[in-house]
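J.: Here you go, one structure.
There are 2 protein chains.
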Amino acid sequence: MTDDDRVFKALAAPSRRFLLDLLFARDGRTQTEMESELEMTRFGVAKHLKVLEEAGLVVVRRSGREKLHYLNPVPIRQIHDRWIDKYTEKHVATLIDLKRTLEEES
Amino acid sequence: MTDDDRVFKALAAPSRRFLLDLLFARDGRTQTEMESELEMTRFGVAKHLKVLEEAGLVVVRRSGREKLHYLNPVPIRQIHDRWIDKYTEKHVATLIDLKRTLEEES
DNA sequence: TTGACACGTGACCGAATGGTCACCTAACTT
DNA sequence: AAGTTAGGTGACCATTCGGTCACGTGTCAA
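If you read the protein sequences in the order shown, they are chains A and Y. Sequential numbering of the first sequence, starting at 1, is according to the UniProt record's numbering. Sequential numbering of the second sequence, starting at 1, is according to the UniProt record's numbering.
Spelled out as structure tokens, the structure:
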């Protein structure tokens with residue numbers, strides 16, 4: 001399994017994306033803290049966090065018996081750079097801002 | 001199935017990422033043209049292109065009996081924006097440039 | 001109009017995936 | 001020391017997924 005395969009496979013599950021959302025909102029959470037946010041047993045959460053960690057999307061820091069989780073934005077940015085070049089980036093960013101503005105007005 | 005689920009599922013398969021790579025290198029290809037680049041029957045390629053199209057990652061234009069495929073960068077950018085805020089973006093971009101520079105020197 | 005060509009559909013199969021559970025280790029608390 | 005808390009492991013099962021195949025539709029060229 002290649003590195004990028006691990007990243008994309010990790011992102012393929014809604015539960016794992018939700019975990020990333022949680023960490024994006026606030027970093028440094030423990031597994032137990034995140035368990036309460038998912039409708040799933042702790043085993044499921046543990047499994048998902050392991051997949052995210054092995055993909056490098058989440059990095060961990062041990063503190064006693066706790067394991068603190070942090071979001072790593074680097075792989076996400078690399079996905080972006082794979083299919084969006086510098087030139088296109090400007091146009092797309094503008095387009096999305098415009099779309100957001102229109103949606104807010106309606 | 002939600003929109004974003006379709007996008008991430010579409011990106012989860014290596015064959016489909018390869019198809020996006022082909023379209024990133026050069027847009028407007030037909031299905032038949034791309035078949036020769038994959039070690040797979042045309043049915044597989046057709047199926048993958050359909051998944052990419054339904055995810056909005058690829059948009060098509062019909063021309064007679066041919067179907068021309070174009071890469072749509074918008075969903076990719078939205079992935080980026082979901083987990084990378086404006087502030088972090090600068091740091092990450094710098095970090096990746098630095099990493100690339102170091103790898104080129106070695 | 002006949003045949004070749006580009007593409008679509010639905011069924012099918014082996015492999016991988018999401019989630020659960022029984023059981024386990026390590027660290028903190030009192 | 002004993003109980004509690006945070007987390008890890010390997011087996012298991014239902015479902016999904018990647019890829020193939022037989023067959024069908026519409027378009028172009030001679």
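Yeah, the Cβ is synthetic: ideal placement off N, Cα and C, and Gly gets one too.
1) Counting only beta-carbon separations shorter than 8 Å, does F24/A have a partner in chain Y?
2) With 8 Å set as the bound, which would you pick, yes or no: does the beta-carbon of L71/A sit closer than that to a beta-carbon of chain Y?
3) Can you give, in chain order, each stretch of the beta strand (DSSP E) that sits fully within the region 31–81 of chain A and has at least 3 residues?
4) Could you check whether V58/A and L71/A sit closer than 8 Å to each other, using their CB atoms as the reference points?
5) Given a limit of 9 Å on CB to CB distance, which residues of the region 85–97 of chain A reach chain Y?
6) Could you give the DSSP three-state label for R29/Y: helix, strand or coil?
7) List the residues of chain Y that K9/A touches, going by C-beta distances under 7 Å, in chain order.
8) Quick one, which residues of the region 20–53 of chain A are near chain Y if we go by CB-CB under 7 Å, in chain order?
9) Mind pulling the chain Y residues with CB within less than 8 Å of R77/A?
10) Look at the alpha carbon of D81/Y and the alpha carbon of L20/Y, and state the distance between them as a whole number of angstroms.
11) According to DSSP, simplified to helix, strand and coil, what is S106/Y?
12) Are the region 88–104 of chain A and the region 19–33 of chain A touching, with three or more C-beta to C-beta distances below 8 Å?
13) Please report whether the beta-carbon of R17/A lies at a distance below 8 Å from any beta-carbon of chain Y.
T.: The relevant details are as follows:
1) Translated into the one-based positions of the first sequence, residue 24/A becomes position 24. Taking Cβ atoms only, chain Y reaches closer than 8 Å to F24/A, which makes this a yes.
2) Numbered from 1 along the first sequence, position 71 holds the residue referred to as residue 71/A. Yes, contact with chain Y.
3) 58–63, 66–71
4) Taking the first residue of the first sequence as position 1, residue 71/A is located at position 71. Taking the first residue of the first sequence as position 1, residue 58/A is located at position 58. The answer is yes: Cβ separation under 8 Å.
5) D85, T88, E89, H91, V92, A93, L95, I96
6) Your numbering for residue 29/Y matches position 29 in the second sequence. Three-state result, R29/Y: strand.
7) Walking along the first sequence from the start, residue 9/A turns up at place 9. Under the 7 Å cutoff, chain Y gives A12.
8) L20, F24
9) Residue numbering aside, residue 77/A sits at position 77 when the first sequence is read from its first letter. Those within 8 Å of R77/A in chain Y are H80, I84, E89, V92, A93, I96.
10) Here residue 81/Y refers to the residue found at position 81 when the second sequence is read from its first residue. Here residue 20/Y refers to the residue found at position 20 when the second sequence is read from its first residue. Roughly 20 Å separates the two Cα atoms.
11) As a position in the second sequence, residue 106/Y is number 106, starting the count at 1. Coil, per DSSP.
12) no
13) Within the first sequence, the letter at position 17 stands for residue 17/A. By this cut-off, R17/A is an interface position.
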